[in-house]
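Structure record follows, encoded as structure tokens.
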Amino acid sequence: MTDTMNLIERQAFEQANEGIRLGAIGDHTLAVKHWEKASRIADEHLPGADINFWIKSGFGAALFDAKRYEESIAMSQIARDWCLSHKQPLASLSIARSYLALGQNNNATAYLREIHSLIGNDIFAAFKDSDEVKIHSALSDDGKS
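In this note's numbering, the protein residues as written are 177 to 321.
If you want it as structure tokens, here you go:
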């Protein structure tokens, strides 16, 4: 993928990849800093580019991992339409997880349904076991939680 990138895209991509690496080893605070750098580069030089929305979706997930739920929701909302147009659930997943973590189950409902429409019952593997009842409730006809 990096073979077709220009220098600016590559810089943003490398910052994002470092964020991914750090998140994978559990250093969520430092991971967020790298995602933030990637996002700044993309905002300044790549507005509207696919890589900018890809970065925003990853940044939203990293913010969730760092327990910065409101920021995760806001960042993920920026990437949501792009993610849905590519049939990718990450932005909706970060939003739903954040609302559940905040105890705002009703706000998570629409996003849980989006995720389910994309990945079916694999949705349950993407959440904590303790969220299963909330997910079932959101996916039921009444959607009340």
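Every residue, glycine too, gets a C-beta built ideally from N, C-alpha and C. Note that the structure is a prediction, hence the values are computed from the model and not measured.
Query	Result
In terms of residue numbering, what span does the alpha helix (DSSP H) encompassing ARG186 cover?	183-200
What are the start and end residues of each continuous alpha helix (DSSP H) run of 4 or more residues lying completely inside the region 197-257, in chain order?	204-221, 226-241
Give me, in chain order, the residues of the same chain whose beta-carbon lies closer than 7 Å to that of TRP230; leave out the 5 immediate sequence neighbours on both sides.	none
As a quick exercise: from HIS210, SER233, ASP307, HIS292, pick the residue whose alpha carbon is nearest that of ALA277.	ASP307
May I ask you to report which of helix, strand or coil DSSP gives SER316?	coil
As a quick exercise: from TYR245, THR285, ALA286, GLU190, pick the residue whose alpha carbon is nearest that of ALA218.	GLU190
Rounding to the nearest angstrom, what Cα-Cα distance links ILE271 and GLN253 in this structure?	8 Å
Where in the region 248-306 do unbroken runs of the alpha helix (DSSP H), each at least 4 residues long, occur, reported from the N-terminal end onward?	266-277, 281-295
Hey, is the region 195-208 in contact with the region 234-249, meaning 3+ C-beta pairs nearer than 8 Å?	yes
Have a look at ASP241 and ILE184 and give me their C-alpha separation to the nearest angstrom.	27 Å
Kindly give me the distance between the Cβ atoms of LEU294 and LEU315, rounded to whole angstroms, as I take these residues to be in contact under 8 Å.	13 Å between Cβ atoms; not a contact.
CB SER274 to CB TYR245, shorter than 8 Å?	yes
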